[in-house]
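Below is one structure, written out as structure tokens; the observations come after it.
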């Protein structure tokens, strides 16, 4: 039985959200197209496979597959309804097995809007309602763009009312005055296309290039121009005639390919990016083909994290994420693309509503921590030199001799010392704004990327002290602040043992009283 829905609204009038209503009628165009796309690949494989057998596949099977996909695509519109009551958001789905999903309004933590290219052509949006419980969300796949924006505003306003903001009451039987409209959102950041210069220095899309190389390696033997005999002949010609041209050609070609992939990916992901604050939430909107609008409740944001990968740091860039509970991937939501470091700092301070946290001076961890950094880097170089001996022992490449491991040591040891010194300079911690009355724990560390993490002390729910055998000999520990936000922990690396206990006791007074007694 299909759920009852409310009466149709008058033309030009929004439907009453308290009445049961279906998805937008344009969903009848959206879902069948999506279903056909999902059926297309397996149908083609089945058609080709069966056609290759005796008798082949009947011609009428193709329209039958398309008709089945269309029927399955229409069912969601017929069997899905939703409404907003005074205390809950409710959604009904199912034809034979019915499911009712509810979200208490005071538990709504995020209302995200997403629109693929097909959604945008039809003027629709996907609404995802999160309650902060794992990654489960209630999804409305096809709501008109205007209705989706109104629904998000309604749910966020109702959430604020349910969590402590009193609604106006009726007086002498007269209806209560209408709730004033919410204040307009405040913009914290917007895309600046001069930031494109940072795209090639961020390696987050290196996985795409690796995937292309892997695909070429997987199917390369089937391509006629990649036949082993042709490749062997071509290599012999290059060695004899134009070897000196090959290296710069490959380097320049690879560099141009990487720049093209990085810039294209940057534009597609961060097109029309806007970060705003309103109705107690942070709203991030971005995307060229698929537009995503992500909401993060500010009361759930427990801190921020600024990352400066090695190449990005060399050109003065960085990335910024929020640490929140119950939203995003492991509670970490990127709110800025690769951009100037100062932009990350300014936006981070705006999000925290606490200036100076990302630039607070850090307390160094002392000579033992520095020595550990240098020894670790030196051992890594030695391991690499040992591994470089294997090609000499296992192959007949005699011209390598022992030059390769020697070169690794000569070049690697000074480089490792420089990396160790840089890592130590960024290693440290602080309690801001004042160690006597701290509101935030600030932690810095660096290896390949320099990371500055700021966590509210109110968000710390416990401490874990760990030490390896090598750390114990140096009197160092790793102090782990456990939290429900982000990756659920913030680690202070290689801090002296006594200082670690004092830091934990200062950040959360009384928790480690027995240790400090």
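In this note's numbering, the protein residues as written are 92 to 608. Idealized CB from N, CA, C, for every residue including glycine.
Buried is the label assigned to residue 360, since at least 16 other Cβ atoms lie within 10 Å of its Cβ.
Residue 121 is positioned such that its CB atom lies closer than 8 Å to that of residue 209. Distance between residue 281 and residue 289, taken at the CA atoms: about 16 Å. Counting only residues of its own chain and dropping the five nearest sequence neighbours on each side, residue 583 has a CB closer than 6 Å to the CB of 520, 534 and 570. Unbroken beta strand (DSSP E) runs of no fewer than 3 residues, entirely contained in the region 404-476, are found at 408-415 and 423-431, following chain order. Boundaries of the beta strand (DSSP E) around residue 386: 382-388.
Taking a contact as a CB-CB distance under 8 Å, the pair residue 235 and residue 215 counts as one, their CB atoms being some 6 Å apart. Contact between residue 408 and residue 432 holds: CB atoms are separated by about 6 Å, below the 8 Å threshold. With a cutoff of 8 Å on beta-carbon distance, residue 276 and residue 371 are scored as not near each other. Secondary structure note for residue 173: its beta strand (DSSP E) is the uninterrupted segment 172-175. For residue 365, the enclosing beta strand (DSSP E) has its first and last residue at 365-369. Per DSSP, the beta bridge partners of residue 522 are 532. Note that the C-beta distance between residue 576 and residue 414 is below 8 Å. Non-local beta-carbon contacts of residue 454 in its own chain, meaning distances under 7 Å to residues more than five positions away in sequence, involve 519, 520 and 521 in chain order.
For residue 228, the uninterrupted beta strand (DSSP E) segment begins and ends at 228-235. According to the DSSP assignment, residue 200 belongs to no alpha helix (DSSP H), since it is labelled neither H nor E. A contact between stretches requires three or more CB pairs, one per stretch, nearer than 8 Å, and the region 536-547 meets this requirement with the region 501-514. Residue pairing for residue 245: DSSP places it in no beta bridge. Between the beta-carbon of residue 191 and that of residue 181 there is about 6 Å, and that keeps the pair under the 8 Å contact cut. A Cβ-Cβ separation of about 17 Å leaves residue 174 out of contact with residue 222 under the 8 Å criterion. A direct Cα-Cα distance of roughly 59 Å separates residue 196 from residue 478. Judged by DSSP in its simplified three-state form, residue 564 adopts helix.
In terms of Cβ geometry, residue 581 and residue 443 do not form a close pair [threshold 8 Å]. When the beta-carbon positions are compared, residue 562 and residue 556 stay at least 8 Å from each other. In the structure shown, residue 114 adopts coil according to DSSP, grouped into three states.
Residue 554 sits in a strand when the DSSP states are folded into three classes.
Inclusion of residue 523 and residue 417 in the CB contact set at 8 Å is not warranted, their separation being larger than that value. Here residue 246 has 199 and 202 as same chain residues with Cβ atoms under 6 Å from its own Cβ, once five neighbours each way along the sequence are excluded. Where residue 394 is concerned, there is no enclosing alpha helix (DSSP H), although the beta strand (DSSP E) around it starts and stops at 392-400. Residue state for residue 374 is assigned as strand, using DSSP reduced to three classes. Taking the Cβ atoms as the reference, residue 114 lies roughly 6 Å from residue 231, within the contact range of under 8 Å.
Beta-bridge pairing by DSSP links residue 343 to no other residue. According to DSSP, residue pairing for residue 215 in a beta bridge involves 235. With distances taken between CA atoms, residue 220 lies nearest to 385 out of 124, 295, 213 and 385. As a beta-bridge residue in DSSP terms, residue 570 pairs with 556 and 583. In this chain, the alpha helix (DSSP H) harbouring residue 510 covers 494-516.
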